[in-house]
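*Asks:* Protein sequences, first through last, are from chains V and B.
Under my numbering, the first residue of the first sequence carries the number 453, and numbering increases by one thereafter.
Under my numbering, the first residue of the second sequence carries the number 249, and numbering increases by one thereafter.
Here a beta-carbon is modelled for each residue, glycine too, at the ideal position from N, C-alpha and C.
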Amino acid sequence: KAGVTQTPRYLIKTRGQQVTLSCSPISGHRSVSWYQQTPGQGLQFLFEYFSETQRNKGNFPGRFSGRQFSNSRSEMNVSTLELGDSALYLCASSRTSGDPGDTQYFGPGTRLTVL
Amino acid sequence: AQSVTQPDIHITVSEGASLELRCNYSYGATPYLFWYVQSPGQGLQLLLKYFSGDTLVQGIKGFEAEFKRSQSSFNLRKPSVHWSDAAEYFCAVGLSLTGGGNKLTFGTGTQLKVEL
Numbered sequence: 453k454a455g456v457t458q459t460p461r462y463l464i465k466t467r468g469q470q471v472t473l474s475c476s477p478i479s480g481h482r483s484v485s486w487y488q489q490t491p492g493q494g495l496q497f498l499f500e501y502f503s504e505t506q507r508n509k510g511n512f513p514g515r516f517s518g519r520q521f522s523n524s525r526s527e528m529n530v531s532t533l534e535l536g537d538s539a540l541y542l543c544a545s546s547r548t549s550g551d552p553g554d555t556q557y558f559g560p561g562t563r564l565t566v567l
Numbered sequence: 249a250q251s252v253t254q255p256d257i258h259i260t261v262s263e264g265a266s267l268e269l270r271c272n273y274s275y276g277a278t279p280y281l282f283w284y285v286q287s288p289g290q291g292l293q294l295l296l297k298y299f300s301g302d303t304l305v306q307g308i309k310g311f312e313a314e315f316k317r318s319q320s321s322f323n324l325r326k327p328s329v330h331w332s333d334a335a336e337y338f339c340a341v342g343l344s345l346t347g348g349g350n351k352l353t354f355g356t357g358t359q360l361k362v363e364l
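1) Would you mind working out which of B:Ser287, B:Lys326, B:Gln293 sits nearest B:Gln306, comparing C-alpha positions?
2) B:Pro279: which of B:Val362, B:Gly357, B:Thr353, B:Thr358 sits nearest, CA to CA?
3) Return yes when the Cβ of V:Gln493 is within less than 9 Å of the Cβ of V:Ser474, no when it is not.
4) Drop a sphere of 10 angstroms on the beta-carbon of V:Asn508, count the other beta-carbons inside from all chains shown, and report buried for 16 or more, exposed for fewer.
5) At the level of alpha carbons, what is the spacing between B:Glu336 and V:Glu504?
6) Grouping DSSP H, G and I as helix and E and B as strand, with all else coil, what is V:Gly536?
7) Under 9 Å between the Cβ atoms of V:Arg519 and V:Tyr501?
8) Between V:Phe497 and chain B, is any beta-carbon pair separated by less than 9 Å?
9) Listing by chain order, which chain B residues have their CB less than 8 Å from the CB of V:Thr555?
10) What would DSSP say about V:Gly561, mapped onto helix, strand or coil?
11) V:Arg467 versus chain B: which residues are under 8 Å apart at the beta carbon?
12) With DSSP collapsed to three states, give me the class of B:Gln319.
13) DSSP on V:Lys509, reduced to helix/strand/coil?
14) Around the C-beta of V:Asp537, are 16 or more other C-beta atoms found within 10 angstroms, so that it is buried, or is it exposed?
15) Looking only at its own chain, which residues have a Cβ that is under 7 Å from the Cβ of B:Phe322, when we skip the five neighbours before and after it?
16) Grouping DSSP H, G and I as helix and E and B as strand, with all else coil, what is V:Gly518?
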């Protein structure tokens, strides 16, 4: 079974631009979560999508948004990029939502660099 | 608030030596606990998880972890470390969220270096 895939793997953008990252979950998984990883803040929860609905959002500004499609694929968007948005963005998929014991499987991440 | 603490930022062990990575959690109920490993430039790979039953859980790559409620700990162990185990290790707790959904809260990670 194919794992979680994320595209692109690397991105370089300049301040003020916007960016869209894509995540394809494991087949049969309906929940997709996004995390931001930085050296200073570590791994932080961005949001979770399930059945095309955002279930929860972490403590991030409104510039961070996402969506989920009917095939469970998800995209996240960051508008008006800031230098501090440089990070590894990780997507994770799980079978369901609301079960904290349901394993989240992670993709390889998208490395975003903002210049 | 729920939190996860990994007291050791860096650990260096010799190949073949035993390993123990510490993890402490703060959570009111019985937690759902996970250990993930991250190799450079990669995503997170699940090593093992615990949420009930036997307090000693076995994972992949020869790792095991022991849940100790009295100490609020979930330490990761391996009897004999291989050079390929060099990576960053994250302890996490799974949380249900108000209004539905769930998320993982991670510790700050422990970077493992293996000396040959």
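*Replies:* According to the structure shown:
1) B:Lys326
2) B:Thr353
3) no
4) buried
5) 33 Å
6) helix
7) yes
8) yes
9) Phe282, Leu294, Lys297
10) coil
11) Correct list: empty, because the minimum Cβ distance to chain B is about 24 Å.
12) helix
13) strand
14) buried
15) Cys271, Tyr273, Leu281, Tyr298, Ala313, Phe315, Cys339
16) strand
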